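Number 86 in the numbering used here belongs to position 89 of the sequence shown; there are no gaps in the numbering. The beta carbon of each residue, even a glycine, is placed where N, CA and C say it ideally should be. Fair warning: this is a prediction, and the values are worked out from it, not measured in the lab. The block underneath contains the structure these notes are about, expressed in structure tokens.
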Amino acid sequence: MAAQSIYSLLFRIAVIAALNVIFIHAYPQGAPNSVCVSMVPNHSGQPQQITATNTLELSSNTYSANTPITVTLKGAKVGFLIQARRENGGATPVGKFSSVPTNTQTLACSGDDNSVTHKGRVNANDLTFTWTPPSTDVGNIIFYFTVVKSYAVFWVGQPSTTLTYQMTAPSNTNNMNEVVTNAPSNTNNMNEVVTNEPGNEPAPEGEPGSSGVSFRADSIIILFFVTCLSNVFVV
């Protein structure tokens, strides 16, 4: 019985290995264009219903026009397909992939470089790509990925977190410089205001603070005393 169990186990391992070889040789250059919409591998078996052990991590949960985002597919796999789609906009991929790692390549699915897939056997567990969003707001975006562990074990259309659009604030640097540069110079006016402040202006003749009026008043008083003294001496 023990020998039979060992033979059975070895047979299963051999079958799985053979299926993996078949998968690699069947699609050595990655997913074909025929699966752009369904994202389902063209081989036997049904997609796994449990949660995938692979995950797709994004460097941001928002996107802005033409601002690149880093996309990382984590976990072991022998094949994969990744697309970004509108949350409520059908199966057409949006954006473009670039900076793809070794043994991976972009795929044209109704548009250049809008999908990415394997090219031969993928050796690295984690694969990082650069994705550039559309130049306009297309609504919420979700990345979907299909990942293949073996010929009969694969997951289809697993979603990422949702990306929301974030408008980029326009740069007002030039306008600010223009305002500062063209600001009127009030230096002369300020000097005029300081010079002509109340209390610094010469007081009109005959008003309080007029030195001319004080001088004449003193002269009259002195003259009055002199006249009085003269009359006293005359008497």
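Quick check: residue 81 and residue 91, are their CB atoms within less than 9 Å of each other? For the purposes of this step, residue 81 is taken as residue 84 along the sequence shown, with counting starting at 1. For the purposes of this step, residue 91 is taken as residue 94 along the sequence shown, with counting starting at 1. Yes, they are a contact pair.
Quick one: using the 10 Å Cβ neighbour count with 16 as the cut-off for buried, is residue 64 buried or exposed? Start at 1 with the first residue of the sequence shown, and residue 64 comes out as number 67. Label assigned to residue 64: exposed.
Do residue 68 and residue 53 have their C-beta atoms closer together than 9 Å? Here residue 68 is taken as the residue at index 71 of the sequence shown, counted from 1. Here residue 53 is taken as the residue at index 56 of the sequence shown, counted from 1. A contact, by the Cβ cut-off of 9 Å.
Under a three-way DSSP split, which group does residue 31 fall into? Here residue 31 refers to the residue found at position 34 of the sequence shown. Helix at residue 31.
Here's the rule I'm using: 16 or more other beta-carbon atoms within 10 Å means buried, otherwise exposed. How should residue 108 be labelled? Residue numbering aside, residue 108 sits at position 111 when the sequence shown is read from its first letter. Per the 10 Å Cβ criterion, exposed.
Report all residues from its chain with a CB closer than 7 Å to the CB of residue 115; omit the five preceding and five following residues, and keep chain order. Residue numbering aside, residue 115 sits at position 118 when the sequence shown is read from its first letter. So the qualifying residues of the chain are 27, 76, 77, 100 and 101.
Counting only runs of 3+ residues fully inside the region 82 to 149, write out the beta strand (DSSP E) ranges in chain order. 93 to 95, 101 to 104, 112 to 115, 124 to 129 and 138 to 145
Span separating the alpha-carbon of residue 130 from that of residue 93: Numbered from its first residue, the sequence shown carries residue 130 at position 133. Numbered from its first residue, the sequence shown carries residue 93 at position 96. Spanning the two alpha carbons is a distance of roughly 7 Å.
So what does DSSP say about residue 66, is it helix, strand or coil? Here the question's residue 66 lines up with position 69 in the sequence shown. The answer is strand: DSSP assigns residue 66 an E or B state.
When you compare only the Cα positions, how much space is there between residue 122 and residue 71? Taking the sequence shown and counting its residues from 1, one reaches residue 122 at position 125. Taking the sequence shown and counting its residues from 1, one reaches residue 71 at position 74. Their Cα atoms are separated by approximately 6 Å.
Proximity of residue 142 and residue 42 at Cβ, strictly below 9 Å: As a first step, residue 142 is located in the sequence shown; it is residue number 145 there, counting from the start. As a first step, residue 42 is located in the sequence shown; it is residue number 45 there, counting from the start. For residue 142 and residue 42, no; Cβs fall outside 9 Å.
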